[in-house]
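*Asks:* Respectively, the protein sequence lines represent chains C and W.
The numbering used here puts the first residue of the first sequence at 10, with every later residue one more than the last.
The numbering used here puts the first residue of the second sequence at 10, with every later residue one more than the last.
Submitted below is the structure of interest, expressed as structure tokens.
2 protein chains.
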Amino acid sequence: MKDASADDVIATIRRFNRFYTGLVGALDDQFLGCDVTLPDARLLFEIATHDPAEAPLTASTVQATLGMDAGYVSRILARFEQRGWITRARGADARARPIQLTEAGRRAFEEVDGRQRAAVSDLVGGLDSVQRADLAEAMARVRLLLRPESVPGFAIRPFRTGDMGVIAARQSMLYAQSHGWGRGLEIIEGETTTNFLRNFKPGHEQCWIAEIDDVLAGSVFLTDEGDGTARLRLLYVEPFARRRGIGDRLVETCIGFARETGYGRLTLWTHTVLESARRLYARHGFASIETATHTSFGMPVQGETWMLPLGETGAAPGQVA
Amino acid sequence: MKDASADDVIATIRRFNRFYTGLVGALDDQFLGCDVTLPDARLLFEIATHDPAEAPLTASTVQATLGMDAGYVSRILARFEQRGWITRARGADARARPIQLTEAGRRAFEEVDGRQRAAVSDLVGGLDSVQRADLAEAMARVRLLLRPESVPGFAIRPFRTGDMGVIAARQSMLYAQSHGWGRGLEIIEGETTTNFLRNFKPGHEQCWIAEIDDVLAGSVFLTDEGDGTARLRLLYVEPFARRRGIGDRLVETCIGFARETGYGRLTLWTHTVLESARRLYARHGFASIETATHTSFGMPVQGETWMLPLGETGAAPGQVA
DNA sequence: CGAGAAAGTTGACGGAGTCAACTAAGCGGA
DNA sequence: TCCGCTTAGTTGACTCCGTCAACTTTCTCG
Numbered sequence: 010m011k012d013a014s015a016d017d018v019i020a021t022i023r024r025f026n027r028f029y030t031g032l033v034g035a036l037d038d039q040f041l042g043c044d045v046t047l048p049d050a051r052l053l054f055e056i057a058t059h060d061p062a063e064a065p066l067t068a069s070t071v072q073a074t075l076g077m078d079a080g081y082v083s084r085i086l087a088r089f090e091q092r093g094w095i096t097r098a099r100g101a102d103a104r105a106r107p108i109q110l111t112e113a114g115r116r117a118f119e120e121v122d123g124r125q126r127a128a129v130s131d132l133v134g135g136l137d138s139v140q141r142a143d144l145a146e147a148m149a150r151v152r153l154l155l156r157p158e159s160v161p162g163f164a165i166r167p168f169r170t171g172d173m174g175v176i177a178a179r180q181s182m183l184y185a186q187s188h189g190w191g192r193g194l195e196i197i198e199g200e201t202t203t204n205f206l207r208n209f210k211p212g213h214e215q216c217w218i219a220e221i222d223d224v225l226a227g228s229v230f231l232t233d234e235g236d237g238t239a240r241l242r243l244l245y246v247e248p249f250a251r252r253r254g255i256g257d258r259l260v261e262t263c264i265g266f267a268r269e270t271g272y273g274r275l276t277l278w279t280h281t282v283l284e285s286a287r288r289l290y291a292r293h294g295f296a297s298i299e300t301a302t303h304t305s306f307g308m309p310v311q312g313e314t315w316m317l318p319l320g321e322t323g324a325a326p327g328q329v330a
Numbered sequence: 010m011k012d013a014s015a016d017d018v019i020a021t022i023r024r025f026n027r028f029y030t031g032l033v034g035a036l037d038d039q040f041l042g043c044d045v046t047l048p049d050a051r052l053l054f055e056i057a058t059h060d061p062a063e064a065p066l067t068a069s070t071v072q073a074t075l076g077m078d079a080g081y082v083s084r085i086l087a088r089f090e091q092r093g094w095i096t097r098a099r100g101a102d103a104r105a106r107p108i109q110l111t112e113a114g115r116r117a118f119e120e121v122d123g124r125q126r127a128a129v130s131d132l133v134g135g136l137d138s139v140q141r142a143d144l145a146e147a148m149a150r151v152r153l154l155l156r157p158e159s160v161p162g163f164a165i166r167p168f169r170t171g172d173m174g175v176i177a178a179r180q181s182m183l184y185a186q187s188h189g190w191g192r193g194l195e196i197i198e199g200e201t202t203t204n205f206l207r208n209f210k211p212g213h214e215q216c217w218i219a220e221i222d223d224v225l226a227g228s229v230f231l232t233d234e235g236d237g238t239a240r241l242r243l244l245y246v247e248p249f250a251r252r253r254g255i256g257d258r259l260v261e262t263c264i265g266f267a268r269e270t271g272y273g274r275l276t277l278w279t280h281t282v283l284e285s286a287r288r289l290y291a292r293h294g295f296a297s298i299e300t301a302t303h304t305s306f307g308m309p310v311q312g313e314t315w316m317l318p319l320g321e322t323g324a325a326p327g328q329v330a
């Protein structure tokens, strides 16, 4: 949460590396005194979880995905074949020998897989459901921050308990860091989210959360302003989640909901400095109708009111973009 | 964030294990083609970071802390000695041979250490300061949830940007899970934290955060009620952080601040079902003065008002316990 | 003093992992 | 069609990681 110096972060990561290496080592000790070694298990896992609908699995693809030595893989596969866990046919390409898991192979995999699951299950045995979810979230977050491409896709869902506070916190922190906006913004965030909860009109209002692997990646609110007007509020996407089209999907979700619900227009308040947000709104048919400078965030900033007419007479999305 | 089923969590952990094993493997590849192997580096790290003020380092302690084989360690140490990185004297116990790092050994360590730091630094090169802090926080959280004892101690600090929302979110989620309290509580949390921010009187009010290794572990608020009365609010400690005395320290901090600031009494509102919190308040001299049932949390619950007189005439803390 | 335990060393061994040489099969152009 | 190049996979040789058990030396405690 704090603005950690680069050295602190490096030390923390290295401490975590030592910790996790030890942990995985302890988890892997279960392979001792068993006829499956750790690389065996990794290979077996790769073979067993391969989607048969895809291209048949060859030694070279396994070798490449696991980053193992070709010769090493060859030897392990020979052993698997000898044990009757796999068969290797000749394919269209007579060099390649597509791997197929036998029934015995599947049983061996399930034995190993069950033991691994049990070991991990022991590890989290003392945790309640919130803590388990926290753990999964923290792990996904580590992956997202270190290798965003290793966690593709995202999901949109309605809000639930705890989302309001987290959204207020994240937006306050992100805007404080990127634009220096201060306590004024944090108060507005708190008020807006709390008021949303207090006045929530199911079916007429909603808050959607974008998630990547259960990590909160962005959000947007739609509230009823009266007179057939809906307001889009607090749109944001986490920095680690950008360039995935999450902002577009959130805005589309809002517009779709407003249209279905029968609102006549959709309005929103944004700021001139938020260039990418403004482009996003323009892309979806919004137009700026008013501009005014305020100092609610501790410094003068230029606010803008945007509008999107809905219904028959309104501009279709994309017309403006 | 969501109430993940046990199987989901196990699958996520195993995915993370695979991910992190690969990542550490990539980080360790830097040792290839260099005269220091990975276990060498671990040992060297252990020797170099050993506090000379403590008992002198012996092979057996290194072996025990790293969980390595005694024979293996012996061989590596022999190699280190041969390279002139360490010297081994005879200690009081003639069986033990205390290890001392030479100047050459320190240079070798710094070379290796610098390379490791550089590798990790590359890894986080693309992250801004908020993301780095998020990463460190997520890693610390994983450690805390899997091996709480591996992260000892805690710290108390005043609040900063983003804390309000996170506190409101965590308390809402935890009480929803443990007692089934619903949206009413979440609204109260949001209002209380936002009002605190809006009306914050520096020097007369404060919010303290307990942290374990930069992970939020609990919090407490003190607000001015007028007429010389201060109110202690929203005390909580994360489940993973319990049994460390964090609750006591937070309450002590509040009482100390209220006393110094010159408040005449400290009041608070709690609930009969929160047994451990009530014991905590009693331990610090608070007494229940009023009880009333309400339904703000979506079900009837019994609220209690507690009071601690401060100043000359007040009961000293501990008197009631 | 003697039994037993602890610190450390050494030999032997098996698994992990790499490297290079090799075979067999496909591919693509003259 | 042939020749050179590439790719899939195999094999032998090797190094390093890590364990086990036997062993020496020294300490501790009754």
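Here a beta-carbon is modelled for each residue, glycine too, at the ideal position from N, C-alpha and C.
#1: Between the C-alpha atoms of R166/W and D223/W, what's the straight-line distance to the nearest angstrom?
#2: R150/C by DSSP, collapsed to three states: which one?
#3: Out of curiosity, what's the CA-to-CA distance linking W278/C and A20/W?
#4: Pull up the distance between the alpha-carbon of R141/W and that of L225/C, whole angstroms please.
#5: On the premise that V282/W lies in contact with V310/W, defined as a C-beta separation below 8 Å, what is that separation, rounded to the nearest angstrom?
#6: Quick one: what does DSSP say S69/C is sitting in, helix, strand or coil?
#7: For R150/C, does the count of other Cβ atoms within 10 angstroms reach 16, so buried, or fall short, so exposed?
#8: Whole angstroms is fine: what's the gap from D16/C's alpha carbon to M148/W's?
#9: Going along chain C in order, which residues have a C-beta closer than 7 Å to the C-beta of L136/W?
#10: Is it buried or exposed, E113/C, if we count other Cβ atoms within 10 angstroms and call 16 or more buried?
#11: Using a Cβ-Cβ cutoff of 8 Å, what residues of the stretch 95 to 122 of chain C are near chain W? List them in chain order.
#12: Please report the Cβ distance between P48/W and M77/W, rounded to the nearest whole angstrom; I am assuming they are in contact, meaning their Cβ atoms lie under 8 Å.
#13: Ordered along the chain, which non-local residues of its own chain (more than five positions away) have a Cβ less than 7 Å from that of L319/W?
#14: If we cut at 7 Å on Cβ distances, does Q215/W have a partner in chain C?
#15: Quick one: is G312/W near chain C, going by C-beta distance under 7 Å?
#16: Under 7 Å between beta-carbons, which chain C residues line up against Y29/W? List them in chain order, please.
#17: For L153/C, tell me which candidate among R179/W, R24/W, G256/W and F40/W has the shortest Cα-Cα distance.
#18: Mind checking the stretch 139 to 164 of chain W against chain C and listing, in chain order, the residues whose C-beta falls within less than 8 Å of any C-beta there?
#19: So, at 7 Å on beta carbons, what are the nonlocal neighbours of I85/W in its own chain, with the 5 sequence-adjacent residues on each side left out?
#20: So, does the CB of E200/C fall closer than 7 Å to a CB anywhere in chain W?
#21: Which of the residues in the stretch 180 to 196 of chain C, read from start to end, lie with their CB under 7 Å from any CB of chain W?
#22: Work out the CA separation of T30/C and I176/C for me, nearest whole Å.
#23: Hey, quick one: how far does the alpha helix (DSSP H) through S305/W stretch, first residue to last?
#24: Apart from the five residues just before and just after T322/W, which ones in its own chain have a Cβ nearer than 6 Å to its Cβ?
#25: Return the first residue and the last residue of the alpha helix (DSSP H) that T203/C is part of.
#26: Relative to the alpha-carbon of L75/C, which residue among Q109/W, Q72/W, Q125/W and L32/W has its alpha-carbon at the smallest distance?
#27: Tell me the DSSP bridge mates of G237/W?
#28: Are the CB atoms of A117/W and Q39/W nearer to each other than 7 Å?
#29: How about the stretch 206 to 225 of chain C and the stretch 246 to 264 of chain C: do they share at least three Cβ pairs that are nearer than 8 Å?
#30: Below 8 Å, how does it come out for the stretch 183 to 193 of chain W and the stretch 292 to 312 of chain W: are there three or more Cβ pairs, yes or no?
#31: Do you know offhand how far D60/W's Cα is from P61/C's?
#32: Would you call the stretch 225 to 244 of chain C in contact with the stretch 255 to 264 of chain C, where contact means no fewer than 3 C-beta pairs closer than 8 Å?
#33: Determine the contact status of Q186/C and V18/W, defining contact as a CB-CB distance below 7 Å.
#34: Taking the C-alpha atoms as reference points, what is the distance between D122/C and A57/C?
#35: Please classify I298/W as buried or exposed, where buried requires at least 16 neighbouring CB atoms within 10 angstroms.
*Replies:* In brief:
#1: Cα to Cα, R166/W sits roughly 11 Å from D223/W.
#2: If DSSP states are grouped into helix, strand and coil, R150/C belongs with the helices.
#3: Their Cα atoms are separated by approximately 42 Å.
#4: So the alpha carbons of these two residues sit roughly 17 Å apart.
#5: That belief holds up - the Cβ atoms of V310/W and V282/W are roughly 7 Å apart, short of 8 Å.
#6: Here DSSP, grouped into helix, strand and coil, assigns S69/C to helix.
#7: R150/C should be labelled buried.
#8: So the two alpha carbons sit approximately 15 Å from each other.
#9: Within 7 Å of the CB of L136/W, the CB atoms of chain C belong to L154, in sequence order along the chain.
#10: The identity of residue 113/C in the sequence shown is Ala, whereas the question assumes Glu. A113/C comes out exposed.
#11: Residues of the stretch 95 to 122 of chain C whose Cβ lies closer than 8 Å to any Cβ of chain W: none.
#12: About 7 Å separates the Cβ atoms of P48/W and M77/W, confirming a contact at the 8 Å cut-off.
#13: Contacts found: A267, R268, Y272, G273, R274 and L275.
#14: No, its Cβ sits nowhere closer than 7 Å to a Cβ of chain C.
#15: Chain C contact via Cβ: absent.
#16: For Y29/W, the residues of chain C that pass the 7 Å Cβ criterion are Y29, in the order they occur in the chain.
#17: Cα-wise, what sits closest to L153/C is R24/W.
#18: Those would be V139, Q140, R141, A142, D143, L144, A145, E146, A147, M148, A149, R150, V151, R152, L154, L155, R156 and S159, in chain order.
#19: The residues are P48, D49 and L52.
#20: Yes, E200/C counts as interfacial toward chain W.
#21: Answer set for the stretch 180 to 196 of chain C: S181, M182, L183, A185, Q186, R192, E195 and I196.
#22: Cα-Cα distance, rounded: 33 Å.
#23: Unbroken run through S305/W: none, as it is neither H nor E.
#24: Bear in mind that the predicted position of T322/W carries a pLDDT of just 46, short of 50, making it too unreliable to give a figure here.
#25: Start and end: R192 to N208.
#26: With distances taken between Cα atoms, L75/C lies closest to L32/W.
#27: None, per the DSSP bridge assignment.
#28: No Cβ-Cβ contact shorter than 7 Å links A117/W with Q39/W.
#29: Touching, yes, given that three or more Cβ pairs across the two stretches are closer than 8 Å.
#30: With the cut-off at 8 Å, the stretch 183 to 193 of chain W and the stretch 292 to 312 of chain W touch.
#31: Each residue's Cα considered, the two are about 56 Å apart.
#32: These segments touch.
#33: Not in contact: Q186/C and V18/W (Cβ atoms no closer than 7 Å).
#34: If you draw a straight line from the Cα of D122/C to the Cα of A57/C, it is about 10 Å long.
#35: Answer is exposed; the Cβ neighbour count stays below 16.
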